Amino acid sequence: GKEYPAVLQIHGGPHAQYGLGFFHEFQVLAAAGYVVVFSNPRGSKGYGQDHCAAIQGNWGSTDWTDIQAVTRFMQKHPSINPSRIGVMGGSYGGYMTNWAIGHSNDYVAAISDRCVSNLVSMSGNSDFPLEPDRYFPGNFWDRPDERWRQSPIAYFGEVQTPTLIIHSEGDLRCNIEQSEQVFAALNCRGIPARFVRYPATTSHGMSRKGPPDLRIHRLQEILDWWSCYLKGKPA
């Protein structure tokens, strides 16, 4: 049978879940000819407290193990071209996208949306609960090593994946400096990267409840990126 390019979508949260409800982003990608794959790795809701709490204070652990298992599934699926797989996600999904490209070359390209890249710098400029010992061990002034160990940017020394970076300047959850660090690191390594910045009037939830024209613009940027890297067509 025919093989199609595929996109692995990673949800935010991390304590959230993908269900069977309508999600316009999946539909846009499917309509453009991509297989859309999504899962609920450890850390997600919906599978009991142990599953949800498995990564508390330890991101990039069993969640990454599960994402790798999904990737292996995609590579073996008869309807998916294993050499045309991309990865994308927003918020914590952006964190895991950054983690994925820092730990693997399985993905032809990536899209990191409103991401987390550096848990040390995030500790001082986010509305996410980062008080001492509430979520991560210690705090960012006496245990920076623990936050840094779990920061995707710490593993960008060998990253090779072309990446589209999307962020809103008015994001109070994941400050835009998180994406600026990703863009800077990719540029320093000579990796193809594009940084799409939306104005300070938009927030962390821009993709869901932002101005319609900017939401459409974002979707077109996503389609153009995948068309270039998963279909080999000029943007």
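34 is the number of the first residue of the sequence shown in this note's numbering; add one for each residue after it. Built from N, CA and C at the ideal position, the CB exists for glycine as well. No experiment lies behind these values; they were computed from the predicted model shown.
Using the three-state DSSP reduction, which class does Val61 fall into: helix, strand or coil?
helix
His110 lies in the beta strand (DSSP E); which residues open and close that run?
His110: not part of any beta strand (DSSP E); DSSP gives it neither H nor E.
Which partner residues of Tyr37 appear in the DSSP bridge assignment?
Ile113
Quick check on Tyr168: buried or exposed, where buried means 16 or more other Cβ atoms within 10 Å of its Cβ?
Tyr168 counts as exposed, since fewer than 16 other C-beta atoms from the protein chains shown sit within 10 angstroms of its C-beta.
Rounded to the nearest angstrom, what separates Lys264 and Leu256 at their Cα positions?
10 Å
In angstroms, rounded to a whole number, what distance separates the CA positions of Glu36 and Asn114?
5 Å
How far does the alpha helix (DSSP H) with Ser262 in it reach, from first residue to last?
Note on residue identity: the sequence assigns Tyr, not Ser, to residue 262. From DSSP, the alpha helix (DSSP H) with Tyr262 extends over 245-263.
Go ahead and pull the three-state DSSP assignment for Ile118.
strand
Grab the span of the alpha helix (DSSP H) containing Ala217 for me, first residue to last.
210-221
Thinking just about the alpha-carbon of each residue, which of Ala226, His48, Phe55 is nearest to the one in Gln82?
His48
Using a threshold of 8 Å, state whether the C-beta atoms of Met121 and Val68 are closer than that.
no
For the beta strand (DSSP E) holding Thr196, just list the boundary residues, first then last.
196-201
Once you ignore the five residues that flank Trp132 on each side, which residues in its own chain have a CB closer than 7 Å to its CB?
Excluding sequence neighbours, Trp132 sits near Gly93, Trp97, Pro185.
Please state the DSSP three-state secondary structure of Ser145.
strand
Would the beta-carbon of Thr130 fall within 8 Å of that of Ala143?
yes
Determine the direct distance from the alpha carbon of Gly34 to that of Asp139, and round the result to whole angstroms.
23 Å
In three-state terms, what does DSSP make of Gln42?
strand
Starting from the C-beta of Asp204, find all residues in its chain whose C-beta is less than 7 Å away, skip the five residues before and the five after it, and write them out in chain order.
Arg147, Ser236, His237
With distances taken from CA atoms, which of Val70, Leu197, His250 is nearest Tyr262?
Leu197
Within 10 angstroms of the Cβ of Cys274, are there 16 or more other Cβ atoms? Answer buried if so, exposed if not.
With the chain represented from 34 up to 268, any question about residue 274 goes unanswered, as that position is not in the structure.
According to the neighbour-count rule (16 or more other Cβ atoms, all chains shown, within 10 Å of its Cβ), is Ala273 buried or exposed?
The displayed coordinates of the chain run from 34 to 268. Any statement about residue 273 would go beyond what the structure contains.
If you drop the 5 nearest sequence neighbours on each side, which residues of the same chain put their C-beta closer than 6 Å to that of Arg227?
Taken in chain order, the residues that qualify are Leu197.
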